[in-house]
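The sequence shown begins at 55 in the numbering used here and counts up one residue at a time. Taking it in order: structure first as structure tokens, then the write-up.
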Amino acid sequence: SKARLVALAGAVGAAGAGIALTPHPTVADIKEKIGTFAYKNVLFPIIRNVDGETSHVWTIKAGSYGILPVDRIPDDPILATKVLGITFTNPLGLAAGCDKQAEAVPAFLDMGFGCVEVGSITPLPQPGNDKPRFFRLEADQAVINRYGFNSDGGEAVAARIQKLRESGALKGPLGVNLGKNKTGDAEKDFVAGVHRFGPLADYLVVNVSSPNTPGLRALQGKKELARLLAAVMQARKQACPQVPLLVKIAPDLTDAEIADICELALAAGVSGMIVSNTTSARPDALKCVDVKHEVGGLSGLPVKDMSTEVLRKVYRLTGGRIPLIGVGGVGTGQDVYDKVRSGASLVQMYTRLAYEGPFVVPRIKWDLAELLERDGFERVADAVGADFRPANPPPKKEWVLAQMFDEE
Numbered sequence: 055s056k057a058r059l060v061a062l063a064g065a066v067g068a069a070g071a072g073i074a075l076t077p078h079p080t081v082a083d084i085k086e087k088i089g090t091f092a093y094k095n096v097l098f099p100i101i102r103n104v105d106g107e108t109s110h111v112w113t114i115k116a117g118s119y120g121i122l123p124v125d126r127i128p129d130d131p132i133l134a135t136k137v138l139g140i141t142f143t144n145p146l147g148l149a150a151g152c153d154k155q156a157e158a159v160p161a162f163l164d165m166g167f168g169c170v171e172v173g174s175i176t177p178l179p180q181p182g183n184d185k186p187r188f189f190r191l192e193a194d195q196a197v198i199n200r201y202g203f204n205s206d207g208g209e210a211v212a213a214r215i216q217k218l219r220e221s222g223a224l225k226g227p228l229g230v231n232l233g234k235n236k237t238g239d240a241e242k243d244f245v246a247g248v249h250r251f252g253p254l255a256d257y258l259v260v261n262v263s264s265p266n267t268p269g270l271r272a273l274q275g276k277k278e279l280a281r282l283l284a285a286v287m288q289a290r291k292q293a294c295p296q297v298p299l300l301v302k303i304a305p306d307l308t309d310a311e312i313a314d315i316c317e318l319a320l321a322a323g324v325s326g327m328i329v330s331n332t333t334s335a336r337p338d339a340l341k342c343v344d345v346k347h348e349v350g351g352l353s354g355l356p357v358k359d360m361s362t363e364v365l366r367k368v369y370r371l372t373g374g375r376i377p378l379i380g381v382g383g384v385g386t387g388q389d390v391y392d393k394v395r396s397g398a399s400l401v402q403m404y405t406r407l408a409y410e411g412p413f414v415v416p417r418i419k420w421d422l423a424e425l426l427e428r429d430g431f432e433r434v435a436d437a438v439g440a441d442f443r444p445a446n447p448p449p450k451k452e453w454v455l456a457q458m459f460d461e462e
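Below, the structure written as structure tokens:
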């Protein structure tokens with residue numbers, strides 16, 4: 055029953071939180087192992103018997119009651135970073151699509167995420183697409199969804215965020231992902247979102263890449279995107295000139311389309327890009343053949359390499375001039391590290407959180423810190439785009455002198 059599942063989630067969360075009342079790394083490691091075992095062997099076998107959307111709703115409800123696990127260990131200083139003018143205690147964020155209506159933001163920050171991005175949020179309330187619209191591919195650690203921007207609407211979500219701000223409940227940065235209504239005018243809807251959420255968000259995202267809203271991905275076309283970015287950047291100038299504004303793109307783009315988008319983003323002066331959204335593709339390697347035919351966006355492990363490859367292309371094309379947020383298939387510290395080395399200043403996860411469990415968040419951070427230390431990086435920012443630099447770069451001063459000598 056719903057009550058049983060919420061109670062069990064609370065028990066797992068409370069147990070995990072109780073074990074680590076004293077912030078000690080050894081205790082935290084034990085907590086992670088016990089918590090992950092309990093999640094995978096007790097809670098998830100129950101969750102898997104409930105349809106995907108219902109379990110999603112119950113997870114958010116549990117978070118709104120504050121009964122999700124809490125990471126009480128301070129983040130390793132090597133993970134701290136400043137991106138978009140914002141300070142993050144760690145680079146791992148919760149991607150948009152999980153807490154769509156901003157109902158459980160404090161709980162996810164307490165879980166250990168360095169940032170939470172809510173949405174996508176449409177100006178007017180809308181129910182989204184017909185159910186069923188969420189399908190698990192458990193053997194693939196993946197999900198297909200066709201939610202279609204189900205949203206409480208801008209006013210309701212803005213009121214929640216305003217309440218969080220006033221109460222001081224936000225312990226980390228909050229991003230707001232903007233969408234358009236199904237029958238709305240794209241330019242007007244995104245401009246309205248900028249005006250409504252600019253004063254409330256730490257950063258804004260223009261989502262033109264969901265496959266589940268008719269005509270939305272067409273906005274990634276050169277002429278359409280140029281017009282849209284001009285409008286939203288003007289709105290930002292009027293409503294919140296200091297708030298970073300990013301654009302989120304799809305992985306299903308040709309090299310020419312990626313090049314056009316990068317050129318437009320740089321020309322428009324956007325603050326950064328998020329790479330990438332879900333894919334409409336269905337890789338041949340998918341094991342869950344009974345649901346792979348479902349219409350919608352595929353996310354999770356099968357998207358990891360695809361999204362990372364697009365990230366690498368975007369980093370090359372933008373030359374590190376704007377920060378990138380890498381999304382897609384993240385479930386381990388190595389996954390985060392790979393995206394950082396491929397050009398991501400920040401990384402987000404969502405789908406594999408449902409399969410690995412909430413205790414994977416601190417594990418990812420610990421593993422990422424170890425990988426950075428192993429490779430001699432003093433901070434995570436130093437590893438951004440490392441795959442595009444020489445394996446053993448000379449000291450900066452010597453490099454500058456060498457360049458001067460070569461020019462002579």
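Every residue, glycine too, gets a C-beta built ideally from N, C-alpha and C. Note that the structure is predicted; figures quoted are calculated from it, not measured.
Requested in this report: Within the segment 194 to 232, note down every full alpha helix (DSSP H) run reaching 4 residues or more, in order along the chain.
Outcome: 208 to 221
Report task. Please state whether DSSP places F162 in a helix, a strand or coil. Result -> helix
**Report entry** Neighbourhood of E348 by C-beta, 8 Å cutoff - its chain only, sequence neighbours within 5 removed
**Finding:** F189, I198 and R200
Query raised in the report: Is it right to say P305 is buried, meaning 16 or more other beta carbons lie within 10 angstroms of its own, or is it exposed?
Result: buried
Query raised in the report: Taking three-plus beta-carbon pairs below 8 Å as touching, is the segment 208 to 228 in contact with the segment 175 to 182?
Result: yes
**Report entry** I84 classed as buried or exposed, judged by whether at least 16 other C-beta atoms fall within 10 angstroms
**Finding:** exposed
Query - Coil, strand or helix - K302 by DSSP - result: strand
Query raised in the report: Span of the beta strand (DSSP E) holding V137?
Result: T135 to V137
Requested in this report: Could you tell me whether the segment 225 to 240 touches the segment 153 to 171, using the rule of 3 or more Cβ pairs below 8 Å?
Outcome: yes
Query raised in the report: Nearest CA to the CA of V384: which residue from V81, R406 and N261?
Result: R406
Query raised in the report: Any heavy atom of the ligand ZN closer than 7 Å to the CB of G229?
Result: Only the bare structure without any ligand can be found here, which leaves the ligand ZN out of the picture.
Query raised in the report: Near P337, which residues of its chain fall below 6 Å by C-beta distance, leaving aside the five closest residues on each side in sequence?
Result: P356
Query raised in the report: Applying the criterion that 16 or more other CB atoms from any shown protein chain within 10 Å of the CB defines a buried residue, is N95 buried or exposed?
Result: exposed
Query raised in the report: What's the gap between the Cα of E317 and the Cα of G222?
Result: 39 Å
Query raised in the report: Taking DSSP as the reference, what is the three-state secondary structure of Q180?
Result: strand
Query - 8 Å contact criterion, which A284 and A322 should meet: CB distance rounded - result: 7 Å
Requested in this report: Could you tell me the distance, in whole angstroms, from the CA atom of P131 to the CA atom of E278?
Outcome: 42 Å
Requested in this report: Note down the Cα distance separating G269 from L422, rounded to an integer number of angstroms.
Outcome: 38 Å
Query raised in the report: When the distance is taken between beta carbons, is S399 closer than 8 Å to N331?
Result: no
Query raised in the report: Can at least three beta-carbon pairs, one atom from the segment 351 to 365 and one from the segment 298 to 314, be found at a separation below 8 Å?
Result: yes
**Report entry** Limits of the unbroken alpha helix (DSSP H) element including S118
**Finding:** G106 to S118
Query raised in the report: Quick one: what's got a C-beta closer than 8 Å to G351's C-beta in the same chain, skipping five residues either side?
Result: I198, N199, R200, S264, P265, N266, N331, T332, T333 and S334
Query raised in the report: The beta strand (DSSP E) spanning T141 covers which residue range?
Result: I140 to F142
**Report entry** Proximal residues to P416 (C-beta, below 7 Å), its chain only, five neighbours per side dropped
**Finding:** A82, E86, D125, I127 and G166
**Report entry** First through last residue of the beta strand (DSSP E) which encompasses E171
**Finding:** C169 to I175
Query raised in the report: From this set, V104, G117 and L146, which residue's C-alpha is nearest A435's C-alpha?
Result: L146
**Report entry** Option in D164, K393, M287 and R443 with minimal Cα separation from G120
**Finding:** D164
Requested in this report: Reducing DSSP to helix, strand and coil, say where G72 ends up.
Outcome: No answer about G72 holds up, because its pLDDT of 42 lies below 50 and its placement is not dependable.
Query - Inter-residue spacing [alpha-carbon to alpha-carbon] between H249 and R290 - result: 7 Å
Query - Buried versus exposed call for I100 [16 or more other C-beta atoms within 10 Å across all chains shown] - result: exposed
Query - Bounding residues of the alpha helix (DSSP H) (the contiguous stretch that carries Q388) - result: G387 to R395
Query raised in the report: Taking just the CA atoms, how far does S118 sit from L97?
Result: 19 Å
Query raised in the report: Around the C-beta of D194, are 16 or more other C-beta atoms found within 10 angstroms, so that it is buried, or is it exposed?
Result: buried
Report task. Could you please give the first and the last residue of the uninterrupted alpha helix (DSSP H) stretch that includes Y404? Result -> Y404 -> no alpha helix (DSSP H), and no H or E assigned at all.
Query raised in the report: Terminal residues of the continuous beta strand (DSSP E) containing G351?
Result: G351 to G354
Query - Simplified DSSP state of K56, which is helix, strand or coil - result: Here the model assigns K56 a pLDDT of 46, short of 50, so the residue's position is not dependable, and the following value carries that caveat. If DSSP states are grouped into helix, strand and coil, K56 belongs with the helices.
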